[in-house]
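Novice: One structure is given below, represented as structure tokens, and several questions about it will come after.
Number of protein chains: 2
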Amino acid sequence: MRIIDVREVAVPLHGAIANSVVNFAEHTVSLVAVRSDVRRNGRPLTGVAFNSIGRHAQGGILRDRMIPRLLAADPESLLDPSTGLLSPARVLDRAMRDEKPGGHGDRAAAAGAVELAVWDLLAKHHDEPAHATIARAFGRRPAPTGVPVYAAGGYYHPGDSLDRLRDELAGYVDQGYPAVKIKIGGLPLPGDLARVEAAVEVIGDGSGVAVDANARFDRDQAMAYATALAGLGLRWYEEATDPLDYALHRELAEAYPGALATGENLFSLQDVRNLLAFGGVRPDRDVLQMDAALSYGLTEYARMIEAMEAHGVSRSQAFPHGGHLINLHIVAGLGLGGCESYPGVFEPFGGYSPDCRLSGGLIHPGQAPGFGLEAKPGLGDEITALLKEMAS
Amino acid sequence: MRIIDVREVAVPLHGAIANSVVNFAEHTVSLVAVRSDVRRNGRPLTGVAFNSIGRHAQGGILRDRMIPRLLAADPESLLDPSTGLLSPARVLDRAMRDEKPGGHGDRAAAAGAVELAVWDLLAKHHDEPAHATIARAFGRRPAPTGVPVYAAGGYYHPGDSLDRLRDELAGYVDQGYPAVKIKIGGLPLPGDLARVEAAVEVIGDGSGVAVDANARFDRDQAMAYATALAGLGLRWYEEATDPLDYALHRELAEAYPGALATGENLFSLQDVRNLLAFGGVRPDRDVLQMDAALSYGLTEYARMIEAMEAHGVSRSQAFPHGGHLINLHIVAGLGLGGCESYPGVFEPFGGYSPDCRLSGGLIHPGQAPGFGLEAKPGLGDEITALLKEMAS
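One line per chain: the protein sequences are A and B, in this order.
Using our numbering, you'd call the opening residue of the first sequence number 896 and step up by one each time.
Using our numbering, you'd call the opening residue of the second sequence number 896 and step up by one each time.
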């Protein structure tokens, strides 16, 4: 098996919205295809993935640095000697050749898309859903039939009202989501608190409502919200402050009795180790949300899960950022805590495909080989166009 | 004053070599020009800068994200209201609009080149060397006439020998450099130690020899080198391990009596705060090497210097990574410890221009307005070509 081509296209996000920090209207995502010389049904076997949501397409880094390195590599050097198939870890190593240490940002998302496309390719080679390939590769038992999922929403809308928010969240309950996450930080505290209380009222209990500040708060705001939210028994309080401010995270963990969630803006094993070493993460309750597609792919992400477990944090406390099919398969394959879902936004990458079933509070991956991205309306067309470009 | 165009070109490094981790043969650097509507001698006033050395050109991030944001901005919003001139901090804020927190990597270098080009433009507007503009902006007295400089080299060469190394270092002494830095980590410890001892012999004293491991070592290697080097009284022991491994840096600081140097792979204020909080930095001896051109520019870099000082580390312990004209002006303008110089390599960006005088162990900036990049052989031609492209 050898790589014969790698292509990237930047795809705009539709249904884009704003959180308290970022407007997603101009955001794009890198859709990446890795084509092999193996033929299946007369066509070259091709793996496809993308670099999650929220940190931009990375066409420059891919075309200027990583794709040329992969195409220049000795094909043998990219294979797992025990299988003769492409090794995601070796592909990652090669994509990262001559990169200096540190600086885990855009590069991590570029590499993540490539590495995950190799996983998609391997799963297609085995003609099985990616979660099965992932479970086997990491020595896990075959994946369960479904993984816990919650609906993330509760954005701020022009002319917003508590009634609109209640209707939105009631809609998620009607669709079968057992829990929700809403944004905070876009209003002064009393207005935000009224929203959170309305959400608790709709869901029936604080344990079904998480809140997300998108790293907006300074120390005093973070602490004021911690005090105000402490009595509500929320599911979790997410990314109050700068994701790299470990000292402040520790202070917050000492002040807030409920679960804290963070990690979606940590893109390397070393950053996660630092959070665990210095951030006051409480093994019995806190939630970690790193996203393989933003952080060098599954090879690095699996090491992050190992580091979590070494710190006493259960993998059931891992809820990857993103709300997309790739993380659904990773959560199922590695036996993690669950997935998020952003109903109706971040299309065509966000959300799940029609062959994924939501029942009993669980989302069940479909049976298509790989991550099943081709089955997703809108995304399937983008993939077809990219593959067609590769053929020409 | 308003920005009318921003352009980037990726320029290959010549005289490229390898350290123990990275081969620079494929490296490129982003040369960035920011053109204003102000005319000087019949031509539009244009600021020029680049994103240092070692972390690649960033044309994708600049063209896809940052340049469009700047050109779409309300021109008034980019001005310092007190001067009516472009504000580097406001230009940076706008270039970073809709970027999520964390992830300080490639993006920091892209933003750094743009922000520094604005400083070059401001200095040209005032018709003065950039160090004068910088000193005034940060409330410093006019810059001294020269700043301490050392020669960085001692790379591994094919068929290398101690005699070749001695000749190289003696050459630096002949050129007037009072101190040197050599690489370690490319040989087993005994071979490296022989090189370091040869260097100490040439310079006459360990206090004139720094060593740089380029973050290559694991814990045991770092500690073994610490033990072996401890008695030599070296100038400093640089980047032994992963630049983000603060716990290991603390351990090393507790074990090694001499100065440690690090920071060239930290690209944000928060990362520097973490190093200071958790890395065991000793205010009385350690050296910090952050590089504005890799870390969002001078606005962010000046905040890093503030954070250092708040921790008790003198600004005379700041020796920016890079060995180029931009950092020469920053060191002079902010009154920092000194600069490095890589004689003969990393051209056309590395090193200083013929109008910079080396005497008494000090390098003296020239009198050209701005960073004086136009006076640098090789780089001047690249700038001329870029400006010509802007005109067309």
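For glycine and all other residues, C-beta sits at the position ideal for the given N, C-alpha and C.
Nothing here was measured: the structure is a model prediction, and the numbers come from that model.
Any chance you could list the beta strand (DSSP E) runs of at least 3 consecutive residues sitting entirely within the stretch 1228-1278 of chain A, in chain order?
Specialist: Counting only runs of 3 or more, we get 1234-1236, 1252-1254, 1257-1259.
Novice: Could you check which residue in B:P1073, B:L1011, B:D1276, B:L1282 has the C-alpha nearest to that of B:T1028?
Specialist: Taking the second sequence and counting its residues from 1, one reaches residue 1028 of chain B at position 133. The option with the nearest alpha carbon to B:T1028 is B:L1011.
Novice: Please identify, using Cβ separations under 8 angstroms, the residues of the stretch 1127-1153 of chain A that lie next to chain B, in order along the chain.
Specialist: Taking 8 angstroms as the Cβ-Cβ cut-off against chain B, the residues of the stretch 1127-1153 of chain A that qualify are D1137, P1138, L1139, D1140, Y1141, A1142.
Novice: Give the residues of chain A in contact with B:R1002, contact being defined as C-beta atoms less than 8 angstroms apart.
Specialist: In the second sequence, the residue the question calls residue 1002 of chain B occupies position 107. Simply G1000, D1001.
Novice: Name the chain B residues whose beta carbon is nearer than 7 angstroms to that of A:L908?
Specialist: For the purposes of this step, residue 908 of chain A is taken as residue 13 along the first sequence, with counting starting at 1. Simply none; closest approach about 12 angstroms.
Novice: Hey, could you find the ends of the alpha helix (DSSP H) B:D1015 is sitting in?
Specialist: On the second sequence, residue 1015 of chain B is found 120 positions in, with the first residue counted as 1. Element bounds for B:D1015: 1001-1020.
Novice: Let's test the definition: count the other Cβ atoms within 10 Å of the Cβ of B:A967 and tell me whether it reaches 16, buried, or not, exposed.
Specialist: If you number the second sequence from 1, residue 967 of chain B lands on position 72. Label assigned to B:A967: exposed.
Novice: For a minimum of 3 consecutive residues, which ranges assigned as the beta strand (DSSP E) are wholly contained in the stretch 1043-1085 of chain A?
Specialist: The qualifying runs are 1075-1078.
Novice: Can you pull the chain B neighbours of A:L1161, defined as C-beta to C-beta under 8 angstroms?
Specialist: In the first sequence, residue 1161 of chain A corresponds to position 266, counting from 1. Neighbours of A:L1161 on chain B, chain order: G997.
Novice: Reducing DSSP to helix, strand and coil, say where A:A968 ends up.
Specialist: The count along the first sequence starts at 1 and reaches residue 968 of chain A at position 73. Of the three classes helix, strand and coil, the one that applies to A:A968 here is coil, per DSSP.
Novice: Within 10 angstroms of the Cβ of B:A1065, are there 16 or more other Cβ atoms? Answer buried if so, exposed if not.
Specialist: Within the second sequence, numbered from 1, the residue matching residue 1065 of chain B stands at position 170. Classification for B:A1065: exposed.
Novice: Around the C-beta of B:G1054, are 16 or more other C-beta atoms found within 10 angstroms, so that it is buried, or is it exposed?
Specialist: For the purposes of this step, residue 1054 of chain B is identified with residue 159 of the second sequence, where counting begins at 1. Its Cβ having fewer than 16 others within 10 Å, B:G1054 is exposed.
Novice: Anything in the stretch 941-967 of chain A with a Cβ closer than 9 angstroms to a Cβ of chain B? List those residues in chain order, please.
Specialist: Within the stretch 941-967 of chain A, the residues whose Cβ lies closer than 9 angstroms to some Cβ of chain B are G949, R950, H951, A952, Q953, G954, G955, I956, L957, R958, D959, R960, P963, R964, listed in chain order.
Novice: Could you tell me which chain B residues have their CB closer than 7 angstroms to the CB of A:E921, listed as they occur along the chain?
Specialist: Numbered from its first residue, the first sequence carries residue 921 of chain A at position 26. Going along chain B in sequence order, the residues near A:E921 (Cβ under 7 angstroms) are D993.
Novice: Can you pull the chain B residues whose beta carbon is under 9 angstroms from the beta carbon of A:D1166, in chain order?
Specialist: By 1-based counting over the first sequence, the position of residue 1166 of chain A is 271. In chain order: G997, L1139.
Novice: Between A:V873 and chain B, is the shortest Cβ-Cβ distance under 8 angstroms, so that the two count as touching?
Specialist: In this structure chain A extends from 896 to 1287, so residue 873 of chain A is not present and cannot be described.
Novice: Do the stretch 1015-1028 of chain A and the stretch 919-938 of chain A meet, that is, are 3 or more Cβ pairs less than 8 angstroms apart?
Specialist: The answer is yes - the stretch 919-938 of chain A touches the stretch 1015-1028 of chain A, with three or more Cβ pairs under 8 angstroms.
Novice: With a threshold of 6 angstroms on Cβ separation, who are the neighbours of A:A1004 within its own chain once the five nearest residues in sequence on each side are excluded?
Specialist: Taking the first residue of the first sequence as position 1, residue 1004 of chain A is located at position 109. Here the set comprises N946, R950, Q953, L1189.
Novice: Anyone know if the C-beta pair for B:G1071 and B:Y1237 falls short of 8 angstroms?
Specialist: Here residue 1071 of chain B refers to the residue found at position 176 of the second sequence. Here residue 1237 of chain B refers to the residue found at position 342 of the second sequence. Taking 8 angstroms as the Cβ cut-off, B:G1071 and B:Y1237 do not qualify as a contacting pair.
Novice: Buried or exposed: which applies to B:G1246, given that a residue is buried once 16 or more other Cβ atoms fall within 10 Å of its Cβ?
Specialist: The residue labelled residue 1246 of chain B in the question sits at position 351 within the second sequence. It is buried - the Cβ of B:G1246 has at least 16 other Cβ atoms within 10 Å.
Novice: Check whether the Cβ of B:A1172 lies closer than 8 angstroms to any Cβ atom in chain A.
Specialist: Indexing the second sequence from 1 puts residue 1172 of chain B at position 277. Judged by the 8 angstroms Cβ criterion, B:A1172 is in contact with chain A.
Novice: Closer than 9 angstroms by beta-carbon distance: list the chain B residues that pair up with A:N918, in chain order.
Specialist: Within the first sequence, residue 918 of chain A is the residue found at index 23, counting from 1. Within chain B, the residues near A:N918 are R992, D993.
Novice: What are the boundary residues of the beta strand (DSSP E) that includes A:P907?
Specialist: Indexing the first sequence from 1 puts residue 907 of chain A at position 12. Residues 898-907.
Novice: Tell me the DSSP secondary structure of A:G1099 in three-state form.
Specialist: Residue 1099 of chain A sits at position 204 when you count from the first residue of the first sequence. Coil.
Novice: Could you give the DSSP three-state label for A:G942: helix, strand or coil?
Specialist: To locate residue 942 of chain A, count along the first sequence from 1; it is residue 47. In this structure, A:G942 counts as strand in the three-state DSSP scheme.
Novice: Could you tell me which whole alpha helix (DSSP H) segments of length 4 or greater appear in the stretch 1099-1177 of chain A?
Specialist: Complete alpha helix (DSSP H) runs here, min 4: 1114-1124, 1141-1150, 1164-1173.
Novice: Can you tell me which of B:D1087, B:R897, B:D1186, B:A1006 puts its alpha carbon nearest to the alpha carbon of B:K974?
Specialist: Stepping through the second sequence from its first residue, residue 974 of chain B is reached at position 79. With the sequence shown as reference, residue 974 of chain B is identified as Leu, and Lys is not the correct amino acid for it. Checking every option, the nearest Cα to that of B:L974 belongs to B:R897.
Novice: Just the Cα atoms here: how many angstroms apart are A:D969 and A:G979?
Specialist: In the first sequence, residue 969 of chain A corresponds to position 74, counting from 1. In the first sequence, residue 979 of chain A corresponds to position 84, counting from 1. A:D969 and A:G979: Cα-Cα distance of roughly 14 angstroms.
Novice: Looking only at its chain, what residues have a beta carbon closer than 7 angstroms to the beta carbon of A:F1112, apart from the 5 residues adjacent to it on each side?
Specialist: The residue given as residue 1112 of chain A occupies position 217 in the first sequence. Hits under 7 angstroms: G1080, Y1120, A1135, T1136.
Novice: Restricting to Cα atoms, I'd like to know which of A:A990, A:Y1196, A:S1254, A:R992 is closest to A:L1229.
Specialist: Residue 1229 of chain A sits at position 334 when you count from the first residue of the first sequence. The shortest C-alpha separation from A:L1229 is found at A:Y1196.
Novice: Taking 8 angstroms as the CB-CB cut-off, is B:N1222 touching chain A?
Specialist: As a working note, residue 1222 of chain B is residue 327 in the second sequence. By this cut-off, B:N1222 is not an interface position.
Novice: Starting from A:T978 and walking both ways along the alpha helix (DSSP H), at which residues does that stretch end?
Specialist: Taking the first residue of the first sequence as 1, we reach residue 978 of chain A at position 83. A:T978 -> no alpha helix (DSSP H), and no H or E assigned at all.
Novice: Can you name the residues that DSSP bridges to A:L1223?
Specialist: Position 328 of the first sequence, counted from the first residue, corresponds to residue 1223 of chain A. DSSP output for A:L1223 lists no bridge partner at all.
Novice: Is A:A1012 close to chain B? Criterion is C-beta to C-beta, closer than 8 angstroms.
Specialist: Within the first sequence, the letter at position 117 stands for residue 1012 of chain A. Chain B, which has no Cβ nearer than 8 angstroms to the Cβ of A:A1012, makes this no.
Novice: Does DSSP classify A:R934 as helix, strand or coil?
Specialist: Numbered from 1 along the first sequence, position 39 holds the residue referred to as residue 934 of chain A. Residue state, collapsed to three classes: strand.
Novice: Give the residues of chain A in contact with B:A1110, contact being defined as C-beta atoms less than 8 angstroms apart.
Specialist: Within the second sequence, the letter at position 215 stands for residue 1110 of chain B. Within 8 angstroms Cβ-Cβ: K995, P996, G997.
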